[in-house]
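Counting in the working numbering, the sequence shown runs from 5 upward without gaps.
Read through the structure below, which is laid out as structure tokens, and then see the notes.
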Amino acid sequence: MAILEARQLQKQYVMGEHVVNALAGVDFVVEAGEFVAIMGPSGSGKSTLLHLLGGLDKPSDGEVTLAGQRLSILNDKQSTLVRRHNVGFIFQFFNLLPTLTTEENVALPLIIDGKSLRRYQDRITGLLDLVGLTDRRHHKPDQLSGGEQQRVAIARALVTEPALVLADEPTGNLDSKTGAVLMDLLRRSCDELGQTVVIVTHDSKAATYADRTVLLKDGQLAGEVYNRDTDDMSQRLRRIIAALESLAL
Ligand SMILES: Nc1ncnc2c1ncn2[C@@H]1O[C@H](COP(=O)(O)OP(=O)(O)O)[C@@H](O)[C@H]1O
Ligand SMILES: [Mg+2]
């Protein structure tokens with residue numbers, strides 16, 4: 005079953021006289037439980053695509069179907085609810101609320117959805133443990149390192165157990181060791197919780213955690229690398245690098 009379907013997605017940004025063709029007709033299907041990486045040079049439309057897939061922005065043309073719902077026929081309130089109930093977002097700049105503690109930031113999506121926190125305390129505790137922040141639960145964001153803040157954002161993205169996790173350059177601000185821990189966490193949330201994960205990255209190593217890597221160039225799909233058939237990370241990496249090289253990306 006496809007959890008995400010994009011058909012002929014187009015996005016133009018109009019800047020006065022000038023039109024930027026950020027996406028020029030992208031077809032993209034993600035099956036439930038898949039882990040997909042999107043790669044491509046800076047400016048190739050990766051973030052634009054991720055925003056459209058998650059319903060954070062509207063396409064100029066084409067259609068996104070998320071969890072069986074055609075986003076184009078929903079009003080803002082309806083698409084907010086589809087998003088809230090199905091998608092966890094992880095951005096490079098963590099978007100944590102500075103006045104809230106780690107625990108409160110993680111719980112925020114539940115609070116927004118009007119859930120009783122007492123019922124979810126076990127899940128919050130479990131997630132803090134999973135991301136290794138149990139002893140930082142009462143810290144505010146400015147008392148945490150960049151890597152710790154990123155892990156708060158990850159726990160927050162997972163707290164509603166969303167069917168789909170969308171992450172834009174999730175390792176972008178992390179040292180390589182913390183980046184590997186994070187990618188491992190996303191891989192496990194896919195394998196153990198059955199979550200679908202779509203990440204944008206320009207780090208080929210991060211992309212080796214995905215089953216499939218989609219390559220974007222100039223707002224169009226330029227290629228695809230299938231890695232589900234092997235767990236050998238160096239073989240996965242070689243395939244990704246070969247594809248990037250063959251497309252001169
Ligand atoms: N809000 C915007 N207004 C105008 N142009 C934009 C906007 N967002 C992105 N762009 C342009 O669209 C193209 C694709 O951007 P983006 O999706 O951010 O690429 P990537 O994430 O691959 O670096 C770039 O040329 C960028 O300058
Ligand atoms: Mg980007």
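Where is the CB? At the ideal position from N, CA and C, for every residue including glycine.
Item                                                                                                                                                             : Value
Is Gln-224 closer than 9 Å to Leu-254 when the C-beta atoms are compared?                                                                                        : This structure leaves residue 254 out entirely; the chain is present only between 5 and 253.
Report, in whole angstroms, the separation of the C-beta atoms of Thr-182 and Arg-140, which I expect to be a contact under 8 Å.                                 : With a Cβ gap of about 14 Å, Thr-182 and Arg-140 do not count as contacting.
When you compare only the Cα positions, how much space is there between Gln-147 and Val-24?                                                                      : 40 Å
Work out the CA separation of Phe-32 and Ala-6 for me, nearest whole Å.                                                                                          : 10 Å
Where does Leu-8 land, buried or exposed, given buried means 16+ other C-beta within 10 angstroms?                                                               : buried
Please determine whether the Cβ atom of Lys-50 lies at a distance below 8 Å from any heavy atom of ligand 2.                                                     : yes
How is Asn-99 classed by DSSP in three states: helix, strand or coil?                                                                                            : coil
Just to check, is the beta-carbon of Leu-13 closer than 8 Å to a non-hydrogen atom of ligand 1?                                                                  : no
Quick one: what's Leu-70 bridged to in DSSP?                                                                                                                     : Leu-8, Gln-73
By the three-class DSSP mapping on this structure, what secondary structure does Gln-199 have?                                                                   : coil
Opposite Met-237 in the DSSP bridges: which residues?                                                                                                            : Met-237 pairs with nothing; no bridge assigned.
What is the residue span of the alpha helix (DSSP H) that Asn-109 lies within?                                                                                   : 106-116
Distance, Cα to Cα, Pro-145 vs Gln-154?                                                                                                                          : 10 Å
Within the chosen definition, does the segment 61-77 reach the segment 227-236 through at least 3 CB pairs nearer than 8 Å?                                      : no
Can you give me the start and stop residues for the alpha helix (DSSP H) that His-55 sits inside?                                                                : 50-57
Sorry if obvious, but does the Cβ on Val-135 come closer than 8 Å to a heavy atom of ligand 2?                                                                   : no
Any idea which residues DSSP pairs Ala-41 with across the strands?                                                                                               : Ile-203, Thr-217
Ligand 1 and Gly-47: does any heavy atom of the ligand fall closer than 8 Å to the residue's C-beta?                                                             : yes
Could you tell me whether any non-hydrogen atom of ligand 2 is closer than 8 Å to the CB of Val-204?                                                             : yes
Starting from Glu-152, trace the alpha helix (DSSP H) both ways and give me its first and last residue.                                                          : 150-162
Apart from the five residues on each side of it in sequence, which residues of its chain come closer than 7 Å, Cβ to Cβ, to Asn-90?                              : Leu-70, Ala-71, Pro-166, Ala-167, Leu-168
With H, G and I counted as helix, E and B as strand and the rest as coil, what does DSSP make of Ala-211?                                                        : helix
Does DSSP put Asn-79 in a helix, in a strand, or in coil?                                                                                                        : coil
Taking C-alpha atoms, which residue in Asp-215, Asn-177, Gly-176, Asn-99 lies nearest to Arg-191?                                                                : Asp-215
Since I believe Phe-93 is in contact with Tyr-213 (beta carbons under 8 Å), could you give me their beta-carbon distance rounded to a whole number of angstroms? : Rounded, the Cβ-Cβ distance is 18 Å, inconsistent with contact.
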